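> Before we start, here is the structure in question, set down as structure tokens.
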Amino acid sequence: MAGVSLRNVTLGYDTVAAIRDLDADVSDGSLTAIVGPNGAGKSTLLRGISGELLPLSGHITRHAPNPRDIAYLPQQSSVDRSFPITVKDFVSMGLWHQVGPLGGIGSRYAHDINRAIEAVGLRGLEGRSIGALSGGQMQRVMFARLLLQDAKLVLLDEPFTAIDATTTADLLNIVRGWHWEGRTVLAVLHDHDLVRSHFPKTLMVARDLVAHGDTAKVLTSANLLKARRMCEACDRPPEICEHKFAGAA
Amino acid sequence: MIYDLIFAPFIEFGFMRRALIGSLAISLGAAPVGVFLLLRQMSLMGDAMAHAILPGAAIGYVISGLSVMAMTLGGIAAGLAVALLSGVVSRSTALREDASLAAFYLVSLAGGVVIVSSAGSMIDLFHVLFGSVLALNNAALVLLCTVTSLTLITLAIVYRPLTLECVDPQFLRSVSGLSALTHYAFLALVVLNLVSGFQALGTLMAVGIMIVPAAAARLWAQSVSSMIIFASAFAAISCISGLVISFHFAFETGPLIILIAGTFYLASVLFGPFGGIISNAKIGIQS
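Those protein sequence lines, which keep their order, are chains A and B.
Residue numbering for the first sequence follows the working numbering, starting at 1 and increasing by one per position.
Residue numbering for the second sequence follows the working numbering, starting at 1 and increasing by one per position.
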């Protein structure tokens, strides 16, 4: 089980709520797109589900309570691209839960690492520095690391933004593979055509829940209009939440 | 000829042999720490910490004179206090870590100079600021070698989380709770190496042997492990040649060592195969 239940969840930074009183159940093994206007709180919602951000109020229940069951690809990655590290070593970090701080990686995982690098189409670039990669290649590297993490719940924040069509198609194949393997995948996306053709479920948010369910029923012009209207309210300063933010920044 | 120039000073003079062992210990311990400081983009933080340890060392000096033990313990206490306080302030206020660290180390430095200059002479201040690699006693040598051993063992243990903390801190936090522990263990290593280094090179120069060889090594290496090897080698060669040249020409040893390391740095900026000016120009011509 790796679904997610959100009960009355308010998420935000300091005392400002970006997501308000959200209720939703993401079923185990589903492939769900999170859509909504800019500033709707999509990324905040994903950070909340990942456990990185604690809810100001409400409860988030992951049916995979172990942190190793969650893999999260943030939109603004904190990767220092100037760091001298090879593609292979970088991808190997996905093995953290297997090897920990001290365990050897050696030949035991060589096959897994090579398979992950091959799956994202970077065979032959194992020894290259991450600083020498293009943006698309770097995103492939991030996906290879996600593959090695072997998590039941995969969270992707705008994984295909500013990436060429070929790379997007290749990475989408990997996402579909995860779905096929029964993993729960949640992805924040902007491209509605891409959502319609590849994501069976959609969760539309605009600070609040707009609609959640089958993509064809959620991604309608009526809902999109409703979301835009709700987000015109978003353009006003967000309301101040009474609960003081309790989590670590 | 070569024997007289390079080997004779070390064979004939005990203080030169002590200086050699002490400075080689620093090269092996401080240079790898400098590599991680550089890769964490905290090079200037080493400088700040070097100033921060001054009042502790000064208080140790006031209490028991030029005692290695007292000055070391005082320096460690002051360094760790500033590191922890600035960490706490940046986590609980709107100030970023660099701002709170800068405030603490400047106050700390001012306190240190006041204490040293009111309790001792200008010669003492000179000793603390620039060290005395040619006058290392047994206690100082033991300290240098102990700190280097401790540094290498600790680095071996935290190598993976520390590397992750540099290259992708968000990922480390998402997969493990070791981020804070790694950070503080590393800060402790910085403080320890600065405190032991200042016995030989002084507070100002100890940070030089940490950062300058590491900066040069970055332009010769494409992995952390080879960076560490290059940095230690540059540091060791700078120390040995600094000792030899200062022996023959009576220059101040500590600053001379850093000047030679600076020569390596300048040469690396020009000729370094990974990001040096000439290699970058070649790539520019090819493309």
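Positions of the beta carbon are idealized from the N, C-alpha and C atoms, including for glycine.
Every value quoted in this text rests on a predicted model; they were computed, and no experiment measured them.
Tell me whether the segment 57-71 of chain B and the segment 27-45 of chain B touch, counting them as touching only if at least three CB pairs, one residue from each stretch, are closer than 8 Å.
The segment 57-71 of chain B, when compared against the segment 27-45 of chain B, does not touch it at the 8 Å Cβ threshold.
> Against chain B, with Cβ distances strictly below 8 Å, would PRO37/A count as a contact?
Working through the first sequence from its first residue, we reach residue 37/A at position 37. It does not: the Cβ of PRO37/A has no partner Cβ on chain B nearer than 8 Å.
> Does the CB of ARG96/B have a neighbour CB from chain A at under 8 Å?
Along the second sequence, read from residue 1 onward, the residue named residue 96/B stands at position 96. Not one chain A Cβ lies under 8 Å of ARG96/B.
> For the alpha helix (DSSP H) containing ALA17/A, name the first residue and the last one.
For the purposes of this step, residue 17/A is taken as the residue at position 17 of the first sequence. Note, ALA17/A: premise wrong, no alpha helix (DSSP H); beta strand (DSSP E) at 16-26.
> Answer yes if the segment 270-283 of chain B comes into contact with the segment 227-240 of chain B, meaning at least three C-beta pairs across the two stretches below 8 Å, and no otherwise.
At 8 Å Cβ cutoff, the stretches do not touch.
> Buried or exposed: where does ALA246/A fall if 16 or more other Cβ atoms within 10 Å of its Cβ makes it buried?
Against the first sequence, residue 246/A aligns to sequence position 246. The predicted position of ALA246/A is uncertain, since its pLDDT is 45 and thus under 50; no value can be drawn from it.
> Taking Cβ positions only, does GLU126/A come closer than 8 Å to chain B?
On the first sequence, residue 126/A is found 126 positions in, with the first residue counted as 1. Not an interface residue.
> Return no unless some Cβ of chain B is closer than 8 Å to the Cβ of PRO159/A.
Sequence index remark: in the first sequence, residue 159/A carries index 159 (1-based). For PRO159/A, the answer is no, since every Cβ of chain B falls outside 8 Å of its Cβ.
> Taking all protein chains shown into account, do 16 or more other C-beta atoms lie within 10 angstroms of the C-beta of THR78/A, making it buried, or fewer, making it exposed?
As a working note, residue 78/A is residue 78 in the first sequence. Per the sequence shown, residue 78/A should be read as Ser rather than Thr. Flag for SER78/A reads exposed.
> Let me confirm a value: TRP180/A is counted as buried when at least 16 other C-beta atoms fall within 10 Å, else exposed. Which label applies?
In the first sequence, the residue the question calls residue 180/A occupies position 180. Its Cβ having fewer than 16 others within 10 Å, TRP180/A is exposed.
> If we ignore side chains and look at the alpha-carbon of each, how far apart do ALA261/B and ASP80/A end up?
Counting from one through the second sequence, the residue named residue 261/B turns up at place 261. Counting from one through the first sequence, the residue named residue 80/A turns up at place 80. When rounded, the distance between both Cα atoms is 26 Å.
> Assuming LEU255/A contacts TYR72/A under a Cβ cut-off of 8 Å, what Cβ separation, rounded to an integer in Å, is found between them?
Because chain A here runs from 1 to 249, residue 255/A falls outside it and cannot be looked at.
> So what's SER118/B in DSSP terms, helix, strand or just coil?
Position 118 of the second sequence, counted from the start, is the residue given in the question as residue 118/B. Three-state result, SER118/B: helix.
> Mark LYS244/A as exposed unless 16 or more other C-beta atoms lie within 10 angstroms of its C-beta, in which case mark it buried.
The residue given as residue 244/A occupies position 244 in the first sequence. Confidence at LYS244/A is low in this model, with a pLDDT of 47, below 50, so its placement is unreliable and the value that follows should be read with caution. Its Cβ having fewer than 16 others within 10 Å, LYS244/A is exposed.
> Any beta carbon of chain B sitting closer than 8 Å to that of ASP214/A?
By one-based count along the first sequence, residue 214/A stands at place 214. Output row for ASP214/A: interface = no.
> For ALA211/A, does the three-state DSSP call read helix, strand or coil?
Indexing the first sequence from 1 puts residue 211/A at position 211. Reduced to three states, the DSSP call for ALA211/A is strand.
> Return the residue from the list PHE198/B, ALA221/B and TRP220/B that minimises the CA-CA distance to ALA58/B.
Taking the first residue of the second sequence as position 1, residue 58/B is located at position 58. Ranking PHE198/B, ALA221/B and TRP220/B by Cα distance to ALA58/B puts PHE198/B first.
> Could you give the residue range of the beta strand (DSSP E) that holds LYS114/A?
Numbered from 1 along the first sequence, position 114 holds the residue referred to as residue 114/A. In the sequence as displayed, the identity of residue 114/A is Asn instead of Lys. Looking at the DSSP string, ASN114/A is not in any beta strand (DSSP E); the run it does join, the alpha helix (DSSP H), is 110-119.
> For a contact meaning CB atoms closer than 8 Å, what does TRP178/A contact in chain B?
Taking the first residue of the first sequence as 1, we reach residue 178/A at position 178. Chain B residues near TRP178/A: none, gap ~18 Å exceeds 8 Å.
> Decide if ILE113/A is buried, meaning its Cβ has at least 16 other Cβ atoms within 10 Å, or exposed.
If you number the first sequence from 1, residue 113/A lands on position 113. Buried, because 16 or more other Cβ atoms sit within 10 Å of the Cβ of ILE113/A.
> Look at the Cβ atom of SER223/B, then the Cβ atom of ILE85/A, and state whether they are nearer than 8 Å.
Position 223 of the second sequence holds residue 223/B. Position 85 of the first sequence holds residue 85/A. Against a cut-off of 8 Å, the Cβ pair of ILE85/A and SER223/B comes out as a contact.
> Between THR86/A and chain B, is the shortest Cβ-Cβ distance under 8 Å, so that the two count as touching?
Here the question's residue 86/A lines up with position 86 in the first sequence. Closer than 8 Å to some Cβ of chain B, the Cβ of THR86/A qualifies, so yes.
> Kindly list the residues whose CB is nearer than 6 Å to the CB of LEU187/B, restricted to its own chain and excluding five residues on each side of it in sequence; keep chain order.
The residue you call residue 187/B lines up with position 187 of the second sequence. Within the same chain, LEU187/B has close Cβ partners ALA83.
> Can you tell me which of MET1/B, PHE171/B, PHE249/B and ILE277/B puts its alpha carbon nearest to the alpha carbon of ALA216/B?
Reading the second sequence from its first residue, position 216 is the one you call residue 216/B. Per the Cα distances, ILE277/B.
> Starting from ASP157/A, follow its DSSP beta bridges and name the residues at the other end.
Indexing the first sequence from 1 puts residue 157/A at position 157. VAL188/A.
> Here's a check: name, in chain order, each residue in its chain whose Cβ is nearer than 8 Å to the Cβ of PRO273/B, leaving out the five neighbours to either side.
Within the second sequence, numbered from 1, the residue matching residue 273/B stands at position 273. LEU219, TRP220 and SER279, listed in sequence order.
> List the endpoints of the continuous beta strand (DSSP E) containing VAL9/A.
On the first sequence, position 9 is the one that residue 9/A refers to. VAL9/A -> beta strand (DSSP E) spans 4-13.
> Suppose contacts are defined by Cβ-Cβ distances below 8 Å. Is LEU136/B in contact with ARG18/B by that definition?
As a working note, residue 136/B is residue 136 in the second sequence. As a working note, residue 18/B is residue 18 in the second sequence. Cβ atoms of LEU136/B and ARG18/B: closer than 8 Å.
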